[in-house]
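To start, the structure itself, in structure tokens.
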Amino acid sequence: LLLIFYGDGSGAQNFLGSSKLNQFLTVSLGWGAAVSVAIIVTGKACPAILNPAIAVSNTMIGGLRWSLLPAYILLEFVGAYLGAGLLLAVYNTKIAEYAMKYDGGQYLTNTTGGIFVAAKGSSLGVAVMDQIVTTAILVFGIYAITEDRLVKKSPYATPAVVGMVVYLAVGTYTANASSALNPARDFGPRLLLLSTYWGPEAFSIDDYYFWVPLVAPIIGAVVGAIFYELLIGVHTDRHSVNREDNEIDVLKCTSEADSQYKV
Numbered sequence: 001l002l003l004i005f006y007g008d009g010s011g012a013q014n015f016l017g018s019s020k021l022n023q024f025l026t027v028s029l030g031w032g033a034a035v036s037v038a039i040i041v042t043g044k045a046c047p048a049i050l051n052p053a054i055a056v057s058n059t060m061i062g063g064l065r066w067s068l069l070p071a072y073i074l075l076e077f078v079g080a081y082l083g084a085g086l087l088l089a090v091y092n093t094k095i096a097e098y099a100m101k102y103d104g105g106q107y108l109t110n111t112t113g114g115i116f117v118a119a120k121g122s123s124l125g126v127a128v129m130d131q132i133v134t135t136a137i138l139v140f141g142i143y144a145i146t147e148d149r150l151v152k153k154s155p156y157a158t159p160a161v162v163g164m165v166v167y168l169a170v171g172t173y174t175a176n177a178s179s180a181l182n183p184a185r186d187f188g189p190r191l192l193l194l195s196t197y198w199g200p201e202a203f204s205i206d207d208y209y210f211w212v213p214l215v216a217p218i219i220g221a222v223v224g225a226i227f228y229e230l231l232i233g234v235h236t237d238r239h240s241v242n243r244e245d246n247e248i249d250v251l252k253c254t255s256e257a258d259s260q261y262k263v
């Protein structure tokens, strides 16, 4: 919920705000900070896996039990839907004003809907490749950052640096596919568009493009996790670090044997 509320909120301010606020830096910083805050808020109570793609990749390499995966994915989508709903409630008037002024009173997915969902900015093939490659690099970076067997860090350094990685991804690779990187970040808000003003166009736009930000990041995350394991993970002793009691561990709710990665 926090991830989508703050992340998409930065996009809303960028889209609806004045020229002084209408800078893409707002969006990339907003998403980076949103990830950091969400990890800090959730990391002590339960594993701070905010992304179904990372949940799948963690499961594939043994970092999360298969029995927990469906619940994680479902809750991530629900949280994204609720976060988008909260954002719509806050910016409802501004969105209505924009629709009336520029879109003839219609709620269009390729204008106001773009606040909530990823847009297609290139050919289908380029968009798919973009999401696979950028998500793979993102996951590789996150695993390296959260790997205490490489560098021991303060428990609150990890959320900040992970947020920085997201900031870099959003700030540098958005033109092709809007830096979805997270299936929940797009699909949850897209369900909100379907159930509110925007209707079925939320899914039918651009020849049903919605499947790209839903599927491609999962493929990319698995690829990134495999490369991390081959290049770094298998060369580390996963039981060599004694974690502090106050450490933010994304797999805190699982058994100790499952606690390999923090995201």
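Quick note on numbering: the sequence shown equals residues 1 to 263 in the UniProt record's numbering.
Virtual Cβ for every residue (Gly too), placed ideally from N, Cα, C.
Note that the structure is predicted; figures quoted are calculated from it, not measured.
What residue range does the alpha helix (DSSP H) around residue i cover?
i	result
glutamine 131	124-145
leucine 214	211-231
asparagine 51	Note, asparagine 51: premise wrong, no alpha helix (DSSP H); not H, not E.
isoleucine 73	69-102
proline 155	From DSSP, proline 155 is part of no alpha helix (DSSP H); its letter is neither H nor E.
phenylalanine 203	201-208
phenylalanine 187	183-195
Which residues in the same chain as residue i place their Cβ atom closer than 7 Å to its Cβ, once the five residues preceding and following it in sequence are excluded?
i	result
serine 240	Confidence at serine 240 is low in this model, with a pLDDT of 48, below 50, so the placement of that residue should be treated as unreliable; the coordinate-derived value is given next. So the qualifying residues of the chain are Arg149.
leucine 192	Tyr81, Ala84, Gly85, Leu88 and Phe116
glutamate 256	Low local confidence applies: a pLDDT of 37 at glutamate 256 is under 50, so the model's placement there is unreliable, with the coordinate-based value given in what follows. If we look at glutamate 256 and ignore the five residues flanking it on each side, it has no Cβ neighbours.
alanine 180	Ala118, Gln131, Asp186, Pro213 and Pro217
tyrosine 173	Asp130, Thr134 and Ser179
residue 312	Because the chain spans 1 through 263 in this model, residue 312 falls outside it and cannot be assessed.
Quick one: residues in its chain with C-beta nearer than 6 Å to the C-beta of residue i, no 5 flanking neighbours on either side, listed in chain order?
i	result
proline 52	Ile73, Glu76, Pro183 and Ala184
isoleucine 4	Ala80, Gly83 and Ala84
isoleucine 218	Ala53 and Val56
alanine 130	According to the sequence provided, residue 130 is aspartate. The question's alanine does not apply to it. Hits under 6 Å: Asn176 and Ala177.
asparagine 242	Only weak support is given to the placement of asparagine 242: the predicted model assigns it a pLDDT of 45, under 50, and the value that follows is read from those uncertain coordinates. Around asparagine 242: no qualifying Cβ.
glycine 233	none
threonine 236	Arg149
serine 122	Asn176
Just tell me which of the options has its CA closest to the CA of residue i.
i	options	result
tyrosine 143	Ala33, Gly63, Ile4 and Ile40	Gly63
tyrosine 197	Pro70, Thr112 and Ala136	Thr112
glycine 141	Val126, Asp130 and Thr158	Thr158
isoleucine 61	Leu214, Ile232 and Ile226	Ile226
glycine 32	Gln106, Val165, Gly220 and Ile205	Val165
leucine 29	Val170, Val126, Met100 and Thr109	Val170
serine 195	Glu229, Ser36 and Thr109	Thr109
alanine 127	Ser36, Ala160 and Asp206	Asp206
leucine 138	Tyr167, Ser122, Ala160 and Ser154	Tyr167
isoleucine 40	Thr93, Lys94, Ser154 and Pro70	Ser154
glutamate 147	Glu229, Val222 and Lys120	Glu229
Identify, in the order they occur along the chain, each residue of the same chain with its Cβ nearer than 8 Å to the Cβ of residue i, setting aside the five sequence neighbours on each side.
i	result
leucine 1	Gly79, Ala80, Leu82, Gly83 and Leu86
phenylalanine 210	Val117, Asp186, Phe187, Arg190, Ala202 and Phe203
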